[in-house]
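S.K.: Numbering (our numbering), first residue to last: 19 to 190. Where is the CB? At the ideal position from N, CA and C, for every residue including glycine.
#1: Can you list, in chain order, the residues of its chain whose CB lies under 8 angstroms from that of residue 113, leaving out five sequence neighbours each side?
#2: By the three-class DSSP mapping on this structure, what secondary structure does residue 156 have?
#3: Just the Cα atoms here: how many angstroms apart are residue 136 and residue 144?
#4: How would you write the range of the beta strand (DSSP E) that residue 85 sits in, first residue to last?
#5: Shortest alpha-carbon distance to residue 69 belongs to which of 25, 92 and 29?
#6: Tell me whether residue 109 sits in a helix, a strand or coil according to DSSP, three-state version.
#7: Using 8 angstroms as the cut-off, can you tell me whether the region 25-40 makes contact with the region 93-107, which would need three or more C-beta pairs spanning the two stretches below that distance?
#8: Using a Cβ-Cβ cutoff of less than 8 angstroms, which residues in the same chain neighbour residue 74 once the five nearest sequence positions on both sides are dropped?
#9: Assign residue 19 to one of two classes, buried (16 or more other C-beta atoms within 10 Å of its C-beta) or exposed (fewer than that).
#10: Do three or more CB pairs link the region 155-170 to the region 119-128 at distances below 8 angstroms?
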């Protein structure tokens with residue numbers, strides 16, 4: 019069974035956390051959320067989310083995919099060395115690393131975007147370019163094990179791409 023880790027912090031974009039969480043569960047994957055501490059976190063649109071575990075409880079090699087939702091949460095998440103180490107190790111080991119909207123900020127801080135084709139919310143275009151990424155502006159971009167998307171409107175396509183990659187890996 020595929021295992022997905024979704025990161026959570028205050029002011030996450032509600033739909034970018036909830037939709038992947040529910041869609042991956044619907045696919046039959048085990049979905050786990052993690053945050054700095056186990057407590058309720060408020061989304062940008064007012065929903066409340068409680069993570070399954072803390073960032074320090076994560077066992078790195080037990081997840082097939084790491085998902086970073088957007089909103090203001092990525093600006094907070096990239097301040098944690100545990101998050102940056104986790105993203106970098108996940109990426110370097112060839113596991114899927116996904117980020118939507120402002121989520122690529124975490125990828126920048128983890129230093130995994132240089133020379134990669136990526137997308138993200140237009141407001142972070144310059145940040146991605148300055149980090150050495152090739153910003154495409156496409157709704158969804160997949161460069162090997164790095165999958166990025168622009169905003170909530172691109173979530174359907176993004177999740178299809180992620181599921182296809184995970185299912186393809188399972189067949190190999």
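M.R.: Walking through what the data contain:
#1: 81, 82, 83, 84 and 163
#2: coil
#3: 12 angstroms
#4: 83-86
#5: 25
#6: helix
#7: yes
#8: 100
#9: exposed
#10: yes
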